[in-house]
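A.B. asks: A single structure is presented below for examination.
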Amino acid sequence: MSRTSRSVSIAPDHNTSALSKAQKTFNSLIGKIGKRRKRLRDWETVTPAFQKRYVDELLPLEKTSAALQARMVHCLDRAYDSLTKTERRKVALVIVDLAGDLIGEDENEGKALKAIYDKYSPTSYDSEVATEVGGMKSMLEAMFGVDLGDDEDLKAVVQIAISESVRVSA
252 MSRTSRSVSI APDHNTSALS KAQKTFNSLI GKIGKRRKRL RDWETVTPAF
302 QKRYVDELLP LEKTSAALQA RMVHCLDRAY DSLTKTERRK VALVIVDLAG
352 DLIGEDENEG KALKAIYDKY SPTSYDSEVA TEVGGMKSML EAMFGVDLGD
402 DEDLKAVVQI AISESVRVSA
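Numbering (the numbering used here), first residue to last: 252 to 421.
Printed below as a string of structure tokens:
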């Protein structure tokens with residue numbers, strides 16, 4: 252942001268010695284605006300550095316974490332049959348939780364994880380997503396008072412919103 256910073260304020264008239272309450276309030280608000288502009292400039296300076304660091308450092312770590320978690324799901328799936336009944340129940344919950352979070356991360360890996368998810372979950376992943384999409388659609392229809400119909404584009408948008416909200420909340 253390369254603008255010249257100009258500030259407006261009310262100065263006391265040469266005939267009066269003090270500013271009125273409204274003039275003082277105005278000057279105070281102008282000062283606050285100046286401080287917020289400076290804060291905004293500071294953020295605009297820091298944002299590109301943060302974005303670069305996010306792309307260079309955090310994204311690779313997130314990808315590595317997702318790959319390791321997917322590996323863990325596969326390992327737990329392979330070990331499942333050798334566990335006790337109690338251990339199997341707990342491991343099945345872990346598998347469903349991890350696989351559900353990872354299905355949307357990678358298309359190829361997602362297919363394998365969806366199969367594992369469906370193996371251990373009482374309901375299929377696709378039916379759970381369809382139920383959530385239907386719920387969101389009903390909520391939106393009630394909220395806005397319109398019939399959204401059975402538009403496939405709407406389903407895709409809602410599915411993206413659901414998968415993003417699941418990913419962010421995890």
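For every residue, glycine included, the Cβ atom is placed at its ideal position computed from N, Cα and C.
Please read all numbers here as calculations on a predicted model, not as lab measurements.
1. In three-state DSSP terms, what is Thr335?
2. Below 8 Å, how does it come out for the stretch 331–349 and the stretch 284–301: are there three or more Cβ pairs, yes or no?
3. Spatial neighbours of Asn359 within its chain, please: C-beta separation below 8 Å, excluding the five flanking residues on both sides.
4. Suppose only complete runs of 4+ residues qualify. What are the alpha helix (DSSP H) ranges in the stretch 301–371, listed by chain order?
5. According to DSSP, simplified to helix, strand and coil, what is Leu270?
6. Report buried or exposed for Leu364, applying the criterion of at least 16 other Cβ atoms within 10 angstroms of its Cβ.
7. Which value, in whole angstroms, describes the spacing of the CA atoms of Glu389 and Leu309?
8. Helix, strand or coil for Pro373? Go by DSSP, reduced to three states.
9. How many angstroms separate the CA atom of Pro373 from the CA atom of Lys314?
10. Identify which residue in Val345, Asn278, Gly386, Lys283 has its Cα closest to the Cα of Met323.
11. Could you check the C-alpha separation between Ser271 and Arg292 for me, to the nearest Å?
12. Taking C-beta to C-beta, are Tyr368 and Ile354 nearer than 8 Å?
13. Apart from the five residues just before and just after Asp401, which ones in its own chain have a Cβ nearer than 6 Å to its Cβ?
14. Kindly indicate which three-state DSSP category Asp293 falls into: helix, strand or coil?
15. So what's Leu391 in DSSP terms, helix, strand or just coil?
16. Taking buried to mean at least 16 other C-beta atoms within 10 Å of its own C-beta, is Met387 buried or exposed?
17. With distance defined between alpha-carbon atoms, name the residue in Lys289, Val259, Arg329 nearest to Ser279.
18. Would you call the CB atoms of Ala317 and Glu379 closer than 8 Å?
C.D. replies: In brief:
1. In the structure shown, Thr335 sits in coil (DSSP, three-state: anything other than H, G, I, E or B).
2. Inter-segment contact for the stretch 331–349 and the stretch 284–301 is absent: fewer than three beta-carbon pairs are separated by less than 8 Å.
3. Nothing listed; no residue qualifies.
4. Fully enclosed alpha helix (DSSP H) runs of 4 or longer: 310–330, 336–353, 358–371.
5. Leu270 falls in the coil class under three-state DSSP.
6. That one is buried.
7. Checking the sequence, you will find Ser at residue 389 rather than Glu. When rounded, the distance between both Cα atoms is 37 Å.
8. Pro373: coil per DSSP, three-state reduction.
9. Pro373 and Lys314 have their C-alpha atoms roughly 29 Å apart.
10. Ranking the options by Cα distance to Met323, first place goes to Val345.
11. In a straight line, the C-alpha of Ser271 is about 32 Å away from that of Arg292.
12. Contact: yes.
13. Around Asp401: no qualifying Cβ.
14. Of the three classes helix, strand and coil, the one that applies to Asp293 here is helix, per DSSP.
15. Of the three classes helix, strand and coil, the one that applies to Leu391 here is helix, per DSSP.
16. Around the Cβ of Met387, a 10 Å sphere holds 16 or more other Cβ atoms; the residue is buried.
17. Nearest neighbour of Ser279 by Cα position, chosen from Lys289, Val259, Arg329, turns out to be Val259.
18. In this structure, Ala317 lies away from Glu379, with their beta-carbon atoms at least 8 Å apart.
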